[in-house]
Amino acid sequence: MRPTSPGQRPSRAVLVLLLLASFTIITLDVRGGSSSPVEPLRSAVGTVLGPVENGTAAAVRPFTSVPGFFRTTGGLREDVSRLEAENSQLKGELAGVSVDRNRAAELDGLLASSKSTGYALVPARVVAMGPAQSFSRTVTIDAGTRAGITADMTVLNNDGLVGRVVRADTSTATVLLLVDQDSVVGGRLGSSMEVGFLRGRGSVGGDARLDLDLVDASAAVTRDDSLATWGSRHGAPYVAGVPIGRVVGVSSTPRQQSTQAVIEPYVDFSSLDLVGVVVDRDTLSDRAVIRAGSTSTDSEGGGR
Amino acid sequence: MSAVRALVLTGIVLLAVVLQVTVFAGLSFDGVVPNLALLVVVGAALVRGPEFAAVLGFLGGLAIDLAPPTHHVAGRWALALVVVGYLAGRVRQDAGSSAVSAVLTVAACSFVGTSIFALSGMLLNDPAIPVREALKVIPVAVLYDVLVTPFVLPLVMRVFRRLQPHQVAY
Chain G
1 MRPTSPGQRP SRAVLVLLLL ASFTIITLDV RGGSSSPVEP LRSAVGTVLG
51 PVENGTAAAV RPFTSVPGFF RTTGGLREDV SRLEAENSQL KGELAGVSVD
101 RNRAAELDGL LASSKSTGYA LVPARVVAMG PAQSFSRTVT IDAGTRAGIT
151 ADMTVLNNDG LVGRVVRADT STATVLLLVD QDSVVGGRLG SSMEVGFLRG
201 RGSVGGDARL DLDLVDASAA VTRDDSLATW GSRHGAPYVA GVPIGRVVGV
251 SSTPRQQSTQ AVIEPYVDFS SLDLVGVVVD RDTLSDRAVI RAGSTSTDSE
301 GGGR
Chain S
305 MSAVRALVLT GIVLLAVVLQ VTVFAGLSFD GVVPNLALLV VVGAALVRGP
355 EFAAVLGFLG GLAIDLAPPT HHVAGRWALA LVVVGYLAGR VRQDAGSSAV
405 SAVLTVAACS FVGTSIFALS GMLLNDPAIP VREALKVIPV AVLYDVLVTP
455 FVLPLVMRVF RRLQPHQVAY
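Respectively, the protein sequence lines represent chains G and S.
Each step along the first sequence adds one to the number in the numbering used here, with nothing skipped, and position 149 is 149.
Take any residue in the second sequence, count from 1 to its spot, add 304: that is its number in the numbering used here.
Here it is as structure tokens:
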């Protein structure tokens, strides 16, 4: 295309054409739903960009885990560059060590949650996070269909429920976080076994909260009561018994049909790293599946 | 030569999209990250004009719409960035003149782009974005985009000047 010179009036045709193209794509995707014509395109982009995201995330992980480290090297000056480079290299190694140590602890935790819940888990790392500007709280994990992951699987970490898989590509999968506004989870109160529905508020920070609507309007809710998943038919999208959070506030008005409570999730969504995806026990995966006490690569065997 | 140029352009756009979901995810402010693809489009608009930037905005927006981990209707960021590219291209005579006006252009574009995206979400109910949430996110997004502008925009503009065909020398 020929660029227009500064004084010249740009042609409107290009703009109109592109706007129409955008509207067409939006319409096709909205009307199509899950069988939309955009879906193959999405898969193709996911298949290509997935490994790129995995690689980028792996390369920068020691740095992004320690934002403070990033800030110190940001102010590198010419005259001390050599010393600072040496210093930052050492700091980087240190950061890597502590990240590895944390990760080992998380893996231990995942093993423990597999033991306590009895579910088989595929371990995966969070490699990308959807920007808040897109108004949906999603993350990419570095395990896809090759690791045995499909849509509508439960994702958890050693603290509790993280969310569910909404789509899986070859080497990556997209997880809709519990705190997303589109996310609805069936939850059960620990003390009274009352059931209700949890909705996200869309915020991931320290003030991340979920709203609980109890089915039984007369049910009593007490603060600090714990909440676990209720479970869906055949465990999709949510398996039963995964801890979600605790009650931090209760509100009930006569006008409302149900009792409402505010839940603080156990999971810290702003620092997600290692997560586990609940899979069938006989799933074939490209990595070791954590099966309540033993991993599938245990050659000694017999531990199951 | 033009095939090489197209390849480099695709590379730049995809790099911006991948960086903003991976690297900047660790540096996000309450989930808000700098919209690098938008900065690339604004840079292209200031160097090459509205038509080129609108086309690049469409492709960049589509890349954001389709790259994992998105979970919204495809085409919404494409729509927003087409408008951004066109608007930035229209004001480029003023915006290209000084650093301050370039930063102001980025701020305006960031506001317009994020707002169009939020509005399209409200219209389509995908997801049902409360106005409160949008009003909280948009200022932070504008601020973060402005903050990274001095580091990203000059680089982007230099690359686009290098990529410009030689016969147009102004």
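Ideal placement from N, C-alpha and C gives every residue a C-beta, glycine not left out.
The bridge partners DSSP lists for Glu-264/G are Arg-246/G.
Of all residues in the region 363-385 of chain S, only Leu-370, Ala-371, Pro-372, Pro-373, Thr-374, His-375, His-376, Val-377, Ala-378, Gly-379, Arg-380, Ala-382, Leu-383 place a beta-carbon less than 7 Å from a beta-carbon of chain G. Excluding five sequence positions before and after Val-416/S, the CB atoms of its chain that fall closer than 7 Å to its own CB belong to Val-387, Val-388, Leu-391, given in chain order. Ser-22/G: member of the alpha helix (DSSP H) spanning 12-32, first to last residue. Scanning its chain for C-beta atoms nearer than 7 Å, with the 5 sequence neighbours on each side dropped, one finds around Ala-219/G the residues Ser-192, Glu-194, Thr-259, in chain order.
Three or more Cβ pairs closer than 8 Å define a contact, and the region 283-293 of chain G falls short of that threshold against the region 340-360 of chain S. Leu-383/S and Gly-365/S have their C-alpha atoms roughly 7 Å apart.
If you draw a straight line from the Cα of Val-262/G to the Cα of Thr-222/G, it is about 11 Å long. The way I'd put it, the region 406-425 of chain S does touch the region 341-349 of chain S; three or more beta-carbon pairs between them come closer than 8 Å. Excluding sequence positions up to five before and after Ala-445/S, its CB lies within less than 7 Å of the CB of Val-336, Asn-339, Ser-414, Thr-418, all in the same chain and listed in chain order. Excluding sequence positions up to five before and after Gly-241/G, its CB lies within less than 8 Å of the CB of Thr-117, Ala-228, Thr-229, Gly-231, all in the same chain and listed in chain order. When the Cα atoms are used, Asp-142/G and Gly-163/G turn out to be separated by approximately 15 Å.
In terms of Cα proximity to Asp-334/S, the closest of Pro-372/S, Ile-316/S, Ile-442/S, Thr-374/S is Ile-442/S.
Listed by position along chain G, the residues whose Cβ is nearer than 8 Å to that of Leu-360/S form an empty set, because the closest Cβ is around 10 Å away. For Thr-418/S, the closest Cβ of chain G is nearer than 8 Å. Taking all protein chains in view, the Cβ of Pro-37/G is surrounded by fewer than 16 other Cβ atoms within 10 Å, so the residue is classified as exposed. Here Ser-183/G carries a coil assignment [DSSP, helix/strand/coil]. The residues Arg-309, Val-312, Leu-313, in chain order, have a CB closer than 8 Å to that of Leu-467/S in the same chain once the five nearest residues on each side in sequence are set aside.
In its chain, beyond the 5 residues on either side, Ser-405 have a beta carbon closer than 7 Å to the beta carbon of Asp-398/S.
Between Ala-208/G and Val-179/G, the CB-CB gap stays under 8 Å. DSSP, read as helix, strand or coil, puts Arg-199/G in strand. Interface criterion not met: the Cβ of Leu-274/G is under 8 Å from no Cβ in chain S. Three or more beta-carbon pairs drawn from the region 37-56 of chain G and the region 363-377 of chain S are found closer than 8 Å, and the two stretches are therefore classed as touching.
With respect to the 8 Å criterion, Val-166/G and Leu-176/G are classified as neighbours on the basis of their beta carbons. For Phe-333/S, the secondary structure class from DSSP, reduced to helix, strand or coil, is strand.
Shown in chain order are the members of the region 107-131 of chain G whose Cβ falls below 9 Å from a Cβ of chain S: Val-126, Val-127, Ala-128, Met-129, Gly-130, Pro-131. Leu-49/G is the residue among Leu-49/G, Ala-168/G, Leu-210/G whose C-alpha sits nearest the C-alpha of Val-317/S.
The continuous stretches of beta strand (DSSP E) do not include Leu-451/S, which lies in the alpha helix (DSSP H) extending over residues 435-467. Sorting Leu-110/G, Val-126/G, Arg-125/G, Val-127/G by C-alpha distance to the C-alpha of Tyr-119/G places Leu-110/G at the top. At a Cβ-Cβ threshold of 8 Å, Ala-307/S and Ile-25/G do not count as neighbours.
A Cβ-Cβ contact shorter than 8 Å links Pro-243/G with Ser-226/G.
Under the Cβ distance rule, Gly-425/S counts among the residues neighbouring chain G, one pair being separated by less than 8 Å.
Residues of the region 128-160 of chain G with a C-beta less than 8 Å from any C-beta of chain S: Ala-128, Met-129, Gly-130, Pro-131, Ala-132, Gln-133, Ser-134, Phe-135, Ser-136, Arg-137, Thr-138, Val-139, Thr-140, listed in chain order. Look at Val-38/G: its C-beta is under 8 Å from a C-beta on chain S.
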